[in-house]
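Here the structure is laid out as structure tokens; the discussion comes afterwards.
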Amino acid sequence: MNWEENKSDEKVFFRRYRITHDFFSTYDIPIVKGRNFSKEFPNDIEKCVINEAAVKIFGWEEPIGKSLIYGKKKFEVIGVIKDYIAQSMHNPVEPHWYRLYSDTINLNGVYSIQTAPGNHTKAMHVIKKEFMELFPEDAFEFTHIQTIIRDENANKAWKVIRNISVFFAVLSIIISSAGLFGLVMFFARKKMKEVGIRKVLGFSVQNLYMKLCSEFIWLLLIANIIAWPAAYYILFGSSGGT
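Printed below as a string of structure tokens:
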């Protein structure tokens, strides 16, 4: 994709959406500049709407009336929407551009439907009936936006808990290492007399080192054998690989 006034070969990743006239009103996404798509303007099929992140990347002070080039077609910008999180709360807001579907029936996309409060069950029966008449060979599947938001929030909370757990685990390792170092120093001082005698008897430095460290090495090996599988399960196993 290219854009008006682009004087470089810079490539920018865009999320491209094809929507209908009521998309922004359904999701309560405000138009901050220009206008929304309108059925009163048939030529809107050749227009587009972008988000604030896209305006910043293009460096446009006045985006309305500018053009985006997709393939061999030009799409005039008629509106700018407020930035919103489309994919994940953990990712930065990406540049978006929107254009209208040329057909009223979308065979390969997702339908967003807003129901009136208190009429959800009745509305779902009507929606399912209409869907099966249009797509008799497809399975009817739907998800509530509240469910998507709840799952995203749960995933975010789990990652926060995991990060806190990792922080305290690292802190515990540092404190334990400091304690172990102090214990080794205390043990070495107690063994000074024994070390002196063994050195007089001809023990090498390597033999003395192994003799002093052997007890701690076995304890460390046993501790690691127990700790690493448990830590791996806590970090990865219980989260289902996320």
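Taking the numbering used here as reference, the numbering of the sequence shown is continuous, increasing by one, and the terminal residue is 235.
Cβ atoms here follow ideal geometry from the backbone N, Cα and C, with glycine treated the same way.
Computed from a predicted structure; not experimentally measured.
- Here residue 184 really is in contact with residue 205; their C-beta atoms are around 6 Å apart, less than 8 Å.
- If the five residues before and after residue 120 are omitted, its C-beta is found closer than 7 Å to the C-beta atoms of 106, all from its own chain and listed in chain order.
- Within the same chain, 116 come within 8 Å of residue 109 by CB-CB distance, once the 5 residues on both sides are set aside.
- Contact between the segment 46 to 53 and the segment 29 to 38 is absent: fewer than 3 CB-CB pairs across the two stretches fall below 8 Å.
- The straight-line gap separating the alpha-carbon atoms of residue 61 and residue 129 is approximately 38 Å.
- Between the C-alpha atoms of residue 23 and residue 91 there is a straight-line separation of about 14 Å.
- Around the beta-carbon of residue 71, 16 or more other beta-carbon atoms lie within 10 Å, marking it buried.
- Restricting attention to 134, 65, 113 and 41, the CA atom closest to the CA of residue 94 is found in 41.
- Straight-line spacing of the CA atoms in residue 209 and residue 78 works out to 52 Å.
- C-alpha of residue 124 to C-alpha of residue 158: approximately 46 Å in a straight line.
- Residue 24: not part of any alpha helix (DSSP H); member of the beta strand (DSSP E) spanning 24 to 27, first to last residue.
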